[in-house]
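Notes for the one structure printed next.
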Amino acid sequence: MVISKAEPLLDVQNLGIRFGGLKAVSDFNMTINQGELLGLIGPNGAGKTTIFNLLTGVYAPTEGQIIFTGKKISGLPPFKVTRKGISRTFQNIRLFKELSVLDNVKIAYHPLATHSIFSSILRLPSHFTNEKEMEEKAIGFLKIFGLDHLKDEKAKNLPYGGQRRLEIARALAAEPKLLLLDEPAAGMNPQETKELMELIAFIREKFNLTILLIEHDMKLVMGICERIFVLDHGQLIAQGLPEEIRKHPKVIEAYLGEEVGEDHA
Amino acid sequence: MKKSKSFFLMFGLAVVIYAVIQFLLYNGILNPFYENTLITILINIMLAVSLHLVIGITGQFSIGHAGFLAIGAYIAAIFTMKLQMPFIVALIAAGLAAAIAGLIVGIPSLRLRGDYLAIATLGFAEIIRIVFLNWDFVGGARGMMITRMTDWTIAFICTILTILVIANFTNSRHGRACISIREDEIAADAMGINTTYYKVIAFVLGSFFAGIAGGLYSHNFYIIQPGNFGFLKSFDILIFVVLGGLGSMSGAVISAILLTIISTFLQEYSETRMIIYSLVLIIVMLYRPQGLMGTKEITQLFQKKKSFKGGKQYGHFES
Amino acid sequence: MEWIQQIVNGISLGSIYALIALGYTMVYGIIKLINFAHGDVFMIGSFVGFFAITGWNLGFFPALLLSMTVCAILGVIIERVAYKRLRNSTRIAALITAIGVSLLIEYVVIYFRGAQPEAYPKEILPAKSFELFGAKIDSQSLYILLITIVLMVLLQFIVHRTKIGKAMRAVSHDQDAAQLMGINVDTTISATFAIGSALAGAAGVIFGLYYIKIDPLMGIIPGLKAFIAAVLGGIGIIPGAMVGGFILGIVEVIVSAFGFSSWRDAAAFIILILILIFRPSGIFGKNTREKV
């Protein structure tokens, strides 16, 4: 693989966080280059979701810093991080359940629209043009994910796989540079997982995205990720190509009891 | 366009309602007692709709709305009685003063969630009441004498404006941002929505209209006293919103109308009224916690429900 | 030496707040509900005590016990009839139901006996005054403090040394896990309501003894203030409610002593808001964060 000489998209330096006395993540380093598709794996409780929460500003790190497109983003609140170009999905699906599928996606497009409260209350022309544009964009995203025919349905009424896809559509509508997917295939059957993998590859091409995903499904990670980071007890224990990770002694040790390899995913 | 069509429909409906009632009042078919009841209904609609924005749309559980009503009531009274300003100026001042109070109360307390926010807003409302109680300029506990200025026309115009502004706000990206906070604050934040900003905006906008309602309220009586704005008043407003259905503006309007009529008829039996009120509240919360309308609007009831098949067949697998 | 006297007054008032606050904090600790009706249980306790003393010529202590018993039963009824169904509903629904129960109790009492106040007879307990460091101390104040301390010690004993206390702590920690371990959650929650309400009943009788005048809406303000005391100490934490109650009582008396008695209620609410903003978990509380 060719490592680009240009400035990395994301540069995480010595990141750490402690909750009370507990060090949840410590001395975590990671660089992500434009256009990569990376995996973050590790046993349960290794701190994977904590890393996502740190990257997106849900937690402020107690040590180290996060540089995104050359600017420090650690310490910013989540909504500002999103506006800088990082958006995410959640492990336990956090859709706006009572809202329509369409509105879910429209909300993500909110920070990119410009019409003011004043304009909306007085129903000025900018309100109508912007709202129309939001609607068209949102429908566009739904089409890619095969959800456009369900746009008026409440999000909570979608089947499980549909909810997962809607969450990714919503994250994409924020027009991120870096997309973080937290176990996107969790709970999906093999067919749905396969379709999801294809979809991830497709959106990455289409939107020129950089993607970091957490996944338990080894087959998915090994199959599509170009580089993999392995986390255990809040620390990075290995990183490299899928082939290297598969044979890495520390990874095998960390997963002792869990099978590593595509045959037993 | 679909949206603007329903707008003109509503506007036409408002004009018709106004014309009919004005005609009945003019010809003396409706006597002053009914005019008074109508004004009370309209003020209560304004209060219900403004609180609906805070609780129903943004999901911020405020139980101190009477505090903003009090500020509007007193500020408007000071403007007309002490400063000899026109009533309309007083109403605008009442709204602005309440909005500023909403900003001051909202910025610190909207960091709190759920029960804690509720209690904090109740505390602020009590502090506001106690300030008026101790302020001799407005008569302290004895209250303040006021010339009656509110009439049915101005109340109607204010109510329509309140509904229009809050409906327009709700049906825009700003309203959706507020609803997303109600649905899931963490996800809203992750979607780039400045949750604090929108919570405060909803609170300020809600307080503004509560303030105007306060101006109408105080000038609908000959005297106002701090005792009119205790937390029982806050609960009254809360009940409109909750019984109407959290998240439904038409629900809030309908329950404000119905409950005001019921209370007017039970005015002489105030204990009975409160017993019925509280029983209804408990029974609705136990058996229909989503209220009369749920999150639906009355217009949606007439639309044909589109059926959606796939949803229920799929199981929900937990990972 | 007027200060000592003021502090003594503050402690007496604080005792009442603390006793009510304990019920709030225990109920919140176990089912995360602000039981708005708790102040009205206190009011009922006060009236039961009044009728026992004036109607049946009971002495102070039998009246106290009767009032505590009636309130315990009332608390359990409220829980069984109204709150039990709400365990899986939203916090808003639960809070509104509690407000509804509160209004219902108040207006049922007014419906049956009117809104006029009653006066507790004086001299139920020997009211001698004596000098302490130059301050005139009312023996009633000492009785109040003594009763409060006895009840608190008893509560600590129940919570930490008995089986039901252990069950209460388990359920407040994790309801589902407690159930799986064979604890009867319903009984435990009812017991919590019974104990908390009994303490409110005791507070009601003490209130009548100390302030003489009682009325059907008397529970609202002390109820709210006791809730503030519970938040101040850290809601869900039993010693916190006691300390919070005493602090609030003393602060109020000091505010009055400075000549701002009409701002007394505001002082409590200002404390509430400051504590909510700067330390929402209260003096003894630990910060928790929402799981993402």
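Residue numbers (our numbering), protein chains in the order written: chain A, 526 to 790; chain B, 9 to 327; chain C, 161 to 452. Idealized CB from N, CA, C, for every residue including glycine. Bear in mind that the values here come from a model prediction, so they are computed numbers and not experimental data.
Assuming residue i and residue j form a contact by the criterion Cβ under 8 Å, report the distance between their Cβ atoms to the nearest whole angstrom.
i: isoleucine 506 (chain A); j: proline 602 (chain A); result: The structure shown has nothing for residue 506 (chain A), since chain A only spans 526 to 790.
i: tyrosine 642 (chain A); j: isoleucine 209 (chain B); result: Reading off the sequence, residue 642 (chain A) comes out as isoleucine, not tyrosine. About 7 Å; that satisfies the 8 Å criterion.
i: phenylalanine 216 (chain B); j: valine 62 (chain B); result: In fact, because the Cβ distance is near 11 Å, the residues do not count as touching under 8 Å.
i: aspartate 197 (chain B); j: phenylalanine 621 (chain A); result: Wrong, their Cβ atoms sit about 12 Å apart, outside the cutoff.
i: isoleucine 297 (chain C); j: leucine 369 (chain C); result: Their Cβ separation, rounded to whole angstroms, is 16 Å, which puts isoleucine 297 (chain C) and leucine 369 (chain C) out of contact at 8 Å.
i: serine 227 (chain C); j: glycine 364 (chain C); result: 6 Å
DSSP three-state label for residue i, please.
i: glycine 80 (chain B); result: helix
i: alanine 638 (chain A); result: coil
i: threonine 348 (chain C); result: helix
i: phenylalanine 593 (chain A); result: strand
i: phenylalanine 229 (chain B); result: coil
i: threonine 161 (chain B); result: helix
i: lysine 548 (chain A); result: strand
i: phenylalanine 87 (chain B); result: helix
i: aspartate 536 (chain A); result: strand
i: lysine 296 (chain C); result: strand
i: alanine 253 (chain C); result: helix
i: glutamine 716 (chain A); result: helix
i: glutamine 30 (chain B); result: helix
i: lysine 373 (chain C); result: strand
i: aspartate 628 (chain A); result: helix
i: serine 612 (chain A); result: strand
i: methionine 378 (chain C); result: coil
Use the C-beta contact count for residue i: other C-beta atoms within 10 angstroms, 16 or more gives buried, fewer gives exposed.
i: glutamate 193 (chain B); result: buried
i: valine 97 (chain B); result: exposed
i: tyrosine 205 (chain B); result: exposed
i: glutamine 275 (chain B); result: exposed
i: phenylalanine 41 (chain B); result: exposed
i: aspartate 628 (chain A); result: buried
i: glutamate 768 (chain A); result: exposed
i: isoleucine 1 (chain B); result: Past the boundaries of the shown model lies residue 1 (chain B); chain B is included only from 9 to 327, so the question cannot be answered.
Establish whether the CB of residue i and some CB of chain B are separated by less than 8 Å.
i: tyrosine 177 (chain C); result: no
i: phenylalanine 732 (chain A); result: no
i: leucine 255 (chain C); result: yes
i: lysine 668 (chain A); result: no
i: alanine 699 (chain A); result: yes
i: isoleucine 180 (chain C); result: no
i: leucine 535 (chain A); result: no
i: alanine 242 (chain C); result: yes
i: phenylalanine 429 (chain C); result: yes
i: methionine 722 (chain A); result: no
i: threonine 587 (chain A); result: no
i: threonine 250 (chain C); result: yes
Rounded to a whole number of angstroms, what is the C-alpha to C-alpha distance between residue i and residue j?
i: glycine 687 (chain A); j: arginine 729 (chain A); result: 19 Å
i: serine 226 (chain B); j: glycine 356 (chain C); result: 41 Å
i: isoleucine 265 (chain C); j: phenylalanine 367 (chain C); result: 19 Å
i: threonine 257 (chain C); j: aspartate 244 (chain B); result: 14 Å
i: leucine 104 (chain B); j: leucine 224 (chain B); result: 14 Å
i: glycine 379 (chain C); j: serine 332 (chain C); result: 26 Å
i: glutamate 278 (chain C); j: tyrosine 271 (chain C); result: 15 Å
i: histidine 741 (chain A); j: phenylalanine 666 (chain A); result: 26 Å
i: alanine 260 (chain B); j: methionine 157 (chain B); result: 26 Å
i: alanine 699 (chain A); j: phenylalanine 420 (chain C); result: 55 Å
i: alanine 779 (chain A); j: isoleucine 171 (chain C); result: 59 Å
i: alanine 663 (chain A); j: aspartate 673 (chain A); result: 9 Å
i: leucine 302 (chain C); j: aspartate 346 (chain C); result: 38 Å
i: phenylalanine 210 (chain C); j: isoleucine 171 (chain B); result: 51 Å
i: valine 746 (chain A); j: leucine 737 (chain A); result: 10 Å
i: leucine 59 (chain B); j: asparagine 202 (chain B); result: 21 Å
i: lysine 192 (chain C); j: glycine 342 (chain C); result: 21 Å
i: valine 201 (chain C); j: isoleucine 29 (chain B); result: 47 Å
i: alanine 711 (chain A); j: glutamine 616 (chain A); result: 8 Å
Sorry if obvious, but does the Cβ on residue i come closer than 7 Å to a heavy atom of the ligand HEM?
i: isoleucine 290 (chain B); result: In terms of ligand content, the structure shown is empty, and the ligand HEM therefore cannot be addressed.
Check whether the Cβ of residue i lies closer than 8 Å to any Cβ atom in chain C.
i: isoleucine 127 (chain B); result: yes
Does the beta carbon of residue i sit closer than 8 Å to a beta carbon anywhere in chain A?
i: threonine 303 (chain B); result: yes
i: histidine 60 (chain B); result: no
i: serine 256 (chain B); result: no
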